[in-house]
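Note that the numbering used here has the sequence shown beginning at 49, numbered continuously upward.
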Amino acid sequence: MSSWWNKTSASNFTRGLTSITGQLSSNLKDILTEASEENYDPTAELTRARQQIEDLELRKQALMEECTSLKKQCDELTMQKQAVEIKSDMLLAESRRVIDEKDVSL
């Protein structure tokens, strides 16, 4: 029984594999036929390429403007941070001075 099952399984597998191979062959043939039927139009290709270049140039310009804006914002935030650090240092020094004065008076 086991031998019969193995032969049947192998036969089914082979048929399935043959079917898949046939389908792949057919699909590949269709794709190649379709590709060869398409006409190559260099003028249209050039027009598409120029449009893509123009689109990319516009995108580049927008990104450069965004980068400039972000750099400006970063510079402003850096200045604000420095001002806060200076104020913090001044408050810390004032607090220490007040504490030292109270310690001396006690």
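C-beta: ideal position from N, C-alpha, C; glycine also.
Please read all numbers here as calculations on a predicted model, not as lab measurements.
Grab the span of the alpha helix (DSSP H) containing residue i for me, first residue to last.
i	result
residue 154	Residue 154 -> no alpha helix (DSSP H), and no H or E assigned at all.
Which value, in whole angstroms, describes the spacing of the CA atoms of residue i and residue j?
i	j	result
residue 105	residue 124	29 Å
residue 133	residue 143	15 Å
residue 73	residue 67	10 Å
residue 101	residue 119	26 Å
residue 139	residue 146	10 Å
residue 78	residue 70	12 Å
residue 75	residue 65	15 Å
residue 109	residue 94	22 Å
residue 49	residue 80	Caution applies to residue 49, whose pLDDT of 46 falls short of 50 and renders its modelled position unreliable; the value that the coordinates give is listed next. The straight-line gap from Cα to Cα measures roughly 46 Å.
Please work out which residues of its chain come closer than 6 Å, Cβ to Cβ, to residue i, disregarding the five sequence neighbours upstream and downstream, and give them in chain order.
i	result
residue 62	none
residue 149	none
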